[in-house]
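Enquirer:
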């Protein structure tokens, strides 16, 4: 077997945790394991706020593991490092060879060293100096720049081996998914809700998703679209339990019995009621929506007041103060945008009122809602809700 | 019994590919764009194949666009990228050993006023990546470089070249014709630094008439076929669901054993080389250390390619003279590699597959031996 590369994952925020830090670390390790176990056998070691992911077989796909880990919350940065013997000759020889591609095309470099194993005979500045000299000899076109180098050669002397790496990749940041409990995301299929889910997952919340379908007004493809969104999101959010609620009858009844301009508001209230019931049944502690103030009629302050009035558990709206362009930027980053813009009818666009009320009064909405007793239909919808679990692909 | 050693021309469709295609003709025959259930079922076939290809080449499934084959993929990539990115940048870099489906569209662009630089192999028979890199400048819109040469199996330093180009000229589009490399040497799309990659089904035991263009997210090409907007508008025209199903089935069938298949090919290649070394007057035109194990080009001194080809044919052994696409025309590609006319005139290409056995090689070698005796008189 040729060179052996390992992945160094530096912990983010959880490095600051106190006595229960190991719980967060364990959670992160198990999240990593779940995500990369299909790529081969790896070992996982934790030390000094770093997780060492080491391939145990030559067939392990380390490159893919690295790119998957870039989407796991709780990691601040990642590097692919070459494992070398703990002696200076091996370190310098291998460093020059390993980083040749990068150094060939760089103009400037610097060497940083970290000597975790203090029994190593050379001190960090000495390592930097001598390795720097060696590199300059091998790559005479290079210059040293300690402030803004094109390539930063990092040498870490650890307990068993030394590691060489250069560029650091950004991690996803945040907290390990699952460390902050579970919540239920209202996922419509549009641009906003996947982003809202991503943002809460970043804070360690494990997301389940709920989606409402109204066949024949909405198509199978609209549902498949949302399922693909779940798949995409799960690269960041971990496996997603997807609750799919049959909503046709409720929508038809609203249309028959309630004033047209309040249609959307009443629909959203009923959605919230169903979501809360599903949440309660599955120990999900909060709801998450992709609302942003003023974006559409149902997202004015008065409208949000009307919807929130039925909510007895917290509703998180991480996009509430964001512009559409900011939301789109994140949607593109997490790769949900292209799916979100596929043009299928979803239940929110079925029976849209021509002139929705932008300033609904709660009393007026509540009164309108009494025109029909929805409680039985709500129960039926909850009972007939289907559940599927989505995981990242590939 | 036929001994088929012309697998770089095409391969025998594998059983899973044939049955998957058959199923999509007799049962699952909906149009993937239809809104109803039959459409959705057909669309699932496309998505399954996208996933299979994506996992084989390490890209995202949505980066896979189906075409009618590698010729179309190459044309779409080159002409399409030039139209978008070549408005102000009028320079294209390629090699002198490309397949005609790359060389010809580039020649067309040259006629339209683009400056084309073609990198030739150095005297040692290798394309130097530095030559490619140093040819690129601010005015270059496209670099197109094949991964594995179809005539002698030579593996080009695409990754090294593209990595440097993308680092120094991120706006320059990189295209790789990977037809002879896909499922034959390990390929990881992102590590190749190629914005566009062409692959074909029938070279990997799929069915003729389908291929794919792997296009990195964020890259745009101007479509050469316009119409109903299929394949996100990149390639209009109802997708050939049966052929695509066969493509996916072939990739899925071959993927798990790729490493093993490469190892086997290397052993068979080695075996053929050692057997041939016992025969006088044979030159091997594929360097073992820099070529794909699946292709080996040889010259039998004094016997013209076509005559040897037909002699072997009479024994049920099928090889190719030069590349099958050029229908026996004298290979200008081998000339580029510095081969003498004598060697080129007598070159035959042996290309193996997963189905090739040691016995096949024995038969080939004795066929060549026998041919030498009879034909050299």
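Chains as they are written, first to last, in my numbering: chain X, 1 to 394; chain Y, 1001 to 1377. Using N, Cα and C, we set each Cβ at its ideal position, and we do this for glycine too.
Should residue 89 of chain X be labelled buried (16 or more other beta-carbon atoms within 10 Å of its own) or exposed?
Expert: exposed
Enquirer: Find the residues of chain X that neighbour residue 1035 of chain Y, judging by a C-beta separation of less than 8 angstroms, and give them in chain order.
Expert: 219 and 221
Enquirer: For residue 1177 of chain Y, which residues does DSSP report across the bridge?
Expert: Y:1198
Enquirer: Roughly how far, in whole angstroms, is the beta-carbon of residue 1249 of chain Y from the beta-carbon of residue 1017 of chain Y, given that I think they are within contact range, below 8 angstroms?
Expert: 5 angstroms
Enquirer: For residue 173 of chain X, write down the residues that DSSP places opposite it in a beta bridge.
Expert: X:75
Enquirer: Would DSSP call residue 1347 of chain Y helix, strand or coil?
Expert: strand
Enquirer: Look at residue 257 of chain X and residue 371 of chain X and say whether their C-beta atoms are less than 8 angstroms apart.
Expert: Residue 257 of chain X is a Cβ neighbour of residue 371 of chain X, given a cutoff of 8 angstroms.
Enquirer: Is the beta carbon of residue 7 of chain X closer than 8 angstroms to that of residue 65 of chain X?
Expert: Using a Cβ distance threshold of 8 angstroms, residue 65 of chain X and residue 7 of chain X count as a contacting pair.
Enquirer: Evaluate contact between the region 35 to 55 of chain X and the region 356 to 363 of chain X, counting only Cβ atoms and requiring at least three cross-stretch pairs below 8 angstroms.
Expert: no
Enquirer: So if DSSP puts residue 1211 of chain Y in a beta bridge, which residue, or which two residues, is it bridged to?
Expert: Y:1067 and Y:1200
Enquirer: Looking at residue 154 of chain X: is its Cβ nearer than 8 angstroms to the Cβ of residue 316 of chain X?
Expert: no
Enquirer: What does DSSP give as the partner residues of residue 1060 of chain Y in its beta bridges?
Expert: None, per the DSSP bridge assignment.
Enquirer: What do you reckon, are the CB atoms on residue 1064 of chain Y and residue 1077 of chain Y nearer than 8 angstroms?
Expert: no
Enquirer: To the nearest angstrom, how far is the alpha carbon of residue 222 of chain X from that of residue 170 of chain X?
Expert: 34 angstroms
Enquirer: Just checking my contact of residue 1368 of chain Y with residue 1279 of chain Y at CB under 8 angstroms: how many whole Å lie between their CB atoms?
Expert: 7 angstroms
Enquirer: Could you tell me which chain Y residues have their CB closer than 8 angstroms to the CB of residue 97 of chain X, listed as they occur along the chain?
Expert: Residues of chain Y passing the Cβ test: none, with the nearest at roughly 14 angstroms.
Enquirer: Can you list, in chain order, the residues of the region 163 to 192 of chain X whose Cβ is nearer than 8 angstroms to any Cβ on chain Y?
Expert: none
Enquirer: Indicate the three-state DSSP secondary structure (helix, strand or coil) for residue 334 of chain X in the structure shown.
Expert: coil
Enquirer: For residue 185 of chain X versus residue 157 of chain X, is the C-beta spacing smaller than 8 angstroms?
Expert: Going by beta carbons, residue 185 of chain X and residue 157 of chain X fall outside the 8 angstroms limit.
Enquirer: With three or more beta-carbon pairs closer than 8 angstroms as the criterion, would you say the region 303 to 311 of chain X touches the region 362 to 369 of chain X?
Expert: yes
Enquirer: So with CB distances below 9 angstroms, who are the chain X contacts of residue 1062 of chain Y?
Expert: Going along chain X in sequence order, the residues near residue 1062 of chain Y (Cβ under 9 angstroms) are 335, 338 and 339.
Enquirer: Check the Cβ-Cβ distances between residue 239 of chain X and every residue of chain Y, and say whether any is below 8 angstroms.
Expert: False, the Cβ-Cβ gap to chain Y never drops below 8 angstroms.
Enquirer: Based on DSSP bridge pairs, tell me the residues matched to residue 1337 of chain Y.
Expert: Answer is none; residue 1337 of chain Y lacks a bridge partner.
Enquirer: Nearest to residue 136 of chain X by alpha carbon, out of X:334, X:99 and X:56?
Expert: X:99
Enquirer: Taking only three categories from DSSP, how would you classify residue 355 of chain X?
Expert: coil
Enquirer: So the candidates are Y:1112, Y:1188, Y:1345 and Y:1247; which of them puts its Cα closest to the Cα of residue 1059 of chain Y?
Expert: Y:1188
Enquirer: Going along the chain, which unbroken runs of the alpha helix (DSSP H) with 4 or more residues stay wholly within the region 1134 to 1173 of chain Y?
Expert: 1158 to 1168
Enquirer: Cβ atoms of residue 1153 of chain Y and residue 1320 of chain Y: under 8 angstroms apart, would you say?
Expert: no
Enquirer: I'd like to know whether the C-beta of residue 1286 of chain Y is nearer than 8 angstroms to at least one C-beta of chain X.
Expert: Output row for residue 1286 of chain Y: interface = no.
Enquirer: Can residue 236 of chain X and residue 71 of chain X be called in contact, C-beta distance under 8 angstroms?
Expert: Yes, the pair counts as a contact, with Cβ atoms nearer than the cut-off.
Enquirer: Would a C-beta distance cut-off of 8 angstroms place residue 238 of chain X and residue 204 of chain X closer than the cut-off?
Expert: Residue 204 of chain X sits away from residue 238 of chain X, with the two beta carbons spaced by 8 angstroms or more.
Enquirer: Out of curiosity, what's the CA-to-CA distance linking residue 1324 of chain Y and residue 1049 of chain Y?
Expert: Note that residue 1324 of chain Y has pLDDT 47, beneath the 50 cutoff, so the model's placement of it is unreliable and the number below is only indicative. Their Cα atoms are separated by approximately 28 angstroms.
Enquirer: Starting from residue 1031 of chain Y and walking both ways along the alpha helix (DSSP H), at which residues does that stretch end?
Expert: Residue 1031 of chain Y -> no alpha helix (DSSP H), and no H or E assigned at all.
Enquirer: Does residue 299 of chain X pass the burial test, meaning 16 or more other C-beta atoms within 10 Å, or should it be called exposed?
Expert: buried
Enquirer: Assuming residue 1093 of chain Y contacts residue 1117 of chain Y (C-beta within less than 8 angstroms), just tell me the rounded distance between them.
Expert: Contact holds; Cβ gap of about 5 angstroms.
Enquirer: Since residue 393 of chain X meets chain Y, which of its residues come closer than 8 angstroms, beta carbon to beta carbon?
Expert: 1051 and 1061
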